Every structure is written in C-alpha cells, then in structure tokens.
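Note that our numbering has the sequence shown beginning at 143, numbered continuously upward.
Cβ atoms here follow ideal geometry from the backbone N, Cα and C, with glycine treated the same way.
Model, not experiment: these values are computed from the prediction.
Worksheet: one structure, shown below.
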Amino acid sequence: MLPLPVLQKAQKEMLSHGATGCGVMEMSHRSPQYLPIIEGAEASLRSLMNIPPNYAVLFLQGGATLQFSAIPFNLAMQGDTAAYALTGEFAQKAFAEAERWLHPVAVASSEDKNFSYIPDIPASSIPPKAKYLHITVNNTIYGTMYKTLPQTHVPLVGDMSSIILGRTYDVSKFGLIYAGAQKNMGSAGLTVVIVDRSLLKETAPFIPPVMRYSVQDKNQSMANTPPTYAIYMAGLVFDWVKEMGGVKALQQINEEKSRLLYEAIDNSKLFKAPARPEFRSIMNATFTAGTDQQTSDFLKMAEGRGLVNLKGHRAVGGCRASIYNAMPIEGVRALIACMKDFEQGK
Ligand SMILES: *Cc1c(COP(=O)(O)O)cnc(C)c1O
143 MLPLPVLQKA QKEMLSHGAT GCGVMEMSHR SPQYLPIIEG AEASLRSLMN IPPNYAVLFL
203 QGGATLQFSA IPFNLAMQGD TAAYALTGEF AQKAFAEAER WLHPVAVASS EDKNFSYIPD
263 IPASSIPPKA KYLHITVNNT IYGTMYKTLP QTHVPLVGDM SSIILGRTYD VSKFGLIYAG
323 AQKNMGSAGL TVVIVDRSLL KETAPFIPPV MRYSVQDKNQ SMANTPPTYA IYMAGLVFDW
383 VKEMGGVKAL QQINEEKSRL LYEAIDNSKL FKAPARPEFR SIMNATFTAG TDQQTSDFLK
443 MAEGRGLVNL KGHRAVGGCR ASIYNAMPIE GVRALIACMK DFEQGK
C-alpha cells in the first residue's frame with residue numbers, strides 16, 4: 143500500500159502539476175517543468191538517508207533484478223572475484239548473475255536451515271582481492287534482516303529493496319546501495335542506486351551505456367528517458383516520510399508494529415514464526431497457521447476482513463505480512479485480532 147496523502151496529492155495533480163497546465167506523465171523529462179521534480183526527489187532522498195556528497199544517486203529502471211547484473215559489470219572486470227552472502231532467493235539470484243561475469247565466492251549461507259537466520263561472515267573468509275561483498279539487507283521472502291552490518295575490508299554492496307527508508311543504516315558504511323521502489327518508495331518501474339563515485343571505474347566496452355553508472359551519473363539519470371512518473375511518486379513518498387518525522391521515526395513505528403505481531407505469534411499455540419528471533423525482519427513477518435489446510439482457512443478468513451496479500455511466497459508457503467512504511471499500526475492490530483479469533487475458532 144501507499145500512504146493515502148501521497149495518493150491524494152497525485153490525484154489532485156493528475157491533470158495539472160502546480161501551475162504548469164499539464165500532468166507529470168505529459169511532461170518532457172528535460173523540460174523546465176520536470177527538472178525540479180527529479181532534482182527535488184534526489185535532494186529529499188539525500189537528506190532523509192544522510193547520503194554523503196561523494197555518492198551518486200541514480201534513478202534507473204529494470205528493477206533490483208537488473209542491478210544483479212549491473213553491479214558486477216560496474217564494480218569489477220571480467221574474471222575478478224567478489225563475495226556474496228546467500229541469505230535467500232534474491233541473494234542467490236544476485237550470485238547467479240555475478241557468476242556470468244566474475245568468479246564470485248559464497249562466503250556464507252543460511253540455506254541449511256531454509257534461510258531462517260543471518261549467517262556470520264568471518265572477515266577472513268572474504269578473498270583479499272574481492273571487489274566487493276554483497277548482502278541482501280532484508281530478506282523479503284524469508285523475513286530476516288541484518289541488524290548489524292558485517293565487518294569487511296572491501297566495499298559493501300546492499301540490496302535494500304524491502305527496507306530502504308524503513309530503518310536507518312549508515313550509508314557511508316556501504317560502497318553501493320540499491321532498491322526497487324515498489325516496496326517502500328512508491329510505484330514499480332523505478333530502481334534507486336546510491337553509489338560511492340570513487341568505485342566507478344572503466345567498464346568493459348560492450349556493457350550498455352544505460353547500465354553504466356558513470357554514464358548515468360554524468361547524465362543526471364537521463365542516459366535515456368527515466369521513469370518520470372515513478373520518480374515523481376517516489377518524491378511524494380519522500381515528502382511524506384519527512385512529514386512523518388524522517389526514517390528514524392518510521393523505524394520506531396516499524397519496530398513497534400513488528401514487535402506486536404511477533405509477540406502475538408509467540409504467545410499463540412497455533413501460529414509459528416520460522417525466522418530466528420534475533421534476525422526477524424521488521425518489514426516482512428513470515429509465519430504459519432498450523433497445517434496447510436488451517437493456513438488456507440486462515441487466509442480466507444483474513445481476506446473476508448479485508449486483510450489481503452497475506453499468502454507467503456511460493457518458495458516458503460505459509461503466511462507473510464509485509465508491513466512496509468505505509469502500513470499503519472491499526473492494520474497490524476486488525477491482523478492480530480483476526481489471528482486470535484481464528485485460533486479461538488470464532
Ligand atoms: C523484490 C525484491 C527484488 C526484486 O525486485 P524487482 O524490482 O522485481 O527486480 C530483489 N531483491 C529484494 C530484496 C526484493 O525484495
């Protein structure tokens with residue numbers, strides 16, 4: 143879901159943005175009407191995340207998935223090595239894309255326990271020549287997250303698709319952060335890349351210019367037409383985050399939302415959360431409701447109460463409550479009430 147004030151603002155501005163007399167979708171991306179929108183969005187994100195000035199902020203397309211390929215292309219040369227921590231399906235996909243171009247090493251994995259925890263990454267396991275260490279900061283499908291970042295002597299690369307703006311992280315600890323916008327920043331179609339410019343070196347000549355961070359940085363994310371409307375929506379979400387008190391304030395709400403939900407699960411005899419408590423995500427809570435039949439009955443009952451999209455990812459089954467920034471605490475309370483009623487056979 144998106145915050146209601148954001149949708150209302152977009153509705154109000156649909157036909158005419160400010161005094162321009164045209165909607166955002168109708169603007170040329172290089173026009174004087176549009177430039178303040180993209181520049182404003184970048185400035186807001188920089189201030190919300192405290193992004194150091196030597197980092198580029200890029201507004202790209204292709205989802206986090208395209209970045210699985212773009213990152214090895216941009217940060218390493220063919221045959222170099224890089225370290226990957228395998229903490230779920232998206233981490234595995236990122237690793238598989240790196241394998242096409244590099245000789246990456248899986249330095250840690252939690253696959254042995256169905257990705258229910260975040261494994262240690264001993265600094266000694268990272269090859270000294272590794273160009274970077276890649277982690278998936280929040281594992282959307284399995285409901286686990288890094289609460290502390292691994293110690294590393296190489297640049298840290300973080301997939302923050304499902305946690306960006308949901309919790310504070312020190313950007314300067316990362317060489318690169320990337321995130322699809324559709325979970326916590328707005329609508330699908332936009333991918334944000336935040337990268338330390340000192341890591342941007344020459345890339346192999348065949349790599350498409352739209353995938354080269356240095357080219358996108360030089361062209362203000364306009365090596366080709368950027369996703370103008372999705373950038374506008376993200377800008378509205380950034381303004382909303384600011385009004386809510388910033389990322390720290392939202393983190394506190396997210397911690398409270400997830401605490402209430404996990405407490406209800408842990409106090410229940412029926413519901414169970416597979417993720418180890420110390421690694422539980424504050425954004426995606428995964429849980430089961432007894433047998434498969436009971437889980438499907440529970441999902442039906444929840445849907446009847448307007449609680450939708452609670453089915454777990456097909457890789458894990460069960461249920462998953464994605465309680466992103468826009469989900470108010472009342473939504474979590476309604477879910478908990480439904481769980482209690484289901485368990486008591488009401
Ligand atoms: C959703 C998600 C992706 C995939 O994003 P696309 O925009 O569909 O490419 C990758 N990584 C994480 C952590 C995600 O949550």
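N- and C-terminal bounds of the beta strand (DSSP E) containing residue i
{"i": "residue 371", "result": "Element bounds for residue 371: not the beta strand (DSSP E) but the alpha helix (DSSP H), 370-385."}
{"i": "residue 86", "result": "The displayed coordinates of the chain run from 143 to 488. Any statement about residue 86 would go beyond what the structure contains."}
{"i": "residue 336", "result": "333-338"}
{"i": "residue 278", "result": "275-278"}
{"i": "residue 389", "result": "Note, residue 389: premise wrong, no beta strand (DSSP E); alpha helix (DSSP H) at 389-408."}
{"i": "residue 198", "result": "197-202"}
{"i": "residue 183", "result": "Where residue 183 is concerned, there is no enclosing beta strand (DSSP E), although the alpha helix (DSSP H) it sits in stretches over 177-191."}
{"i": "residue 227", "result": "225-228"}
Distance CB(residue i)-CB(residue j) smaller than 9 Å
{"i": "residue 354", "j": "residue 215", "result": "yes"}
{"i": "residue 250", "j": "residue 227", "result": "yes"}
{"i": "residue 315", "j": "residue 291", "result": "yes"}
{"i": "residue 331", "j": "residue 319", "result": "no"}
{"i": "residue 380", "j": "residue 187", "result": "yes"}
{"i": "residue 423", "j": "residue 277", "result": "no"}
{"i": "residue 247", "j": "residue 308", "result": "no"}
{"i": "residue 327", "j": "residue 399", "result": "no"}
{"i": "residue 264", "j": "residue 252", "result": "no"}
{"i": "residue 303", "j": "residue 421", "result": "no"}
{"i": "residue 335", "j": "residue 431", "result": "no"}
{"i": "residue 167", "j": "residue 370", "result": "yes"}
{"i": "residue 313", "j": "residue 193", "result": "yes"}
Span of the alpha helix (DSSP H) around residue i
{"i": "residue 355", "result": "355-360"}
{"i": "residue 444", "result": "434-446"}
{"i": "residue 240", "result": "231-241"}
Under the three-state DSSP convention, the category residue i falls into
{"i": "residue 480", "result": "helix"}
{"i": "residue 468", "result": "coil"}
{"i": "residue 318", "result": "strand"}
{"i": "residue 251", "result": "strand"}
{"i": "residue 217", "result": "helix"}
{"i": "residue 287", "result": "strand"}
{"i": "residue 299", "result": "strand"}
{"i": "residue 151", "result": "helix"}
{"i": "residue 413", "result": "strand"}
{"i": "residue 462", "result": "strand"}
{"i": "residue 418", "result": "coil"}
Integer Cβ distance of residue i from residue j, believed to fall under 8 Å
{"i": "residue 322", "j": "residue 333", "result": "5 Å"}
{"i": "residue 238", "j": "residue 224", "result": "So it is not a contact: roughly 13 Å between Cβ atoms."}
{"i": "residue 209", "j": "residue 243", "result": "That belief does not hold up - the Cβ atoms of residue 209 and residue 243 are roughly 13 Å apart, past 8 Å."}
{"i": "residue 458", "j": "residue 403", "result": "Their Cβ separation, rounded to whole angstroms, is 17 Å, which puts residue 458 and residue 403 out of contact at 8 Å."}
{"i": "residue 407", "j": "residue 415", "result": "5 Å"}
Assigned exposure category for residue i - 16 Cβ within 10 Å defines buried
{"i": "residue 450", "result": "exposed"}
{"i": "residue 348", "result": "exposed"}
{"i": "residue 462", "result": "buried"}
{"i": "residue 467", "result": "buried"}
{"i": "residue 471", "result": "exposed"}
{"i": "residue 229", "result": "buried"}
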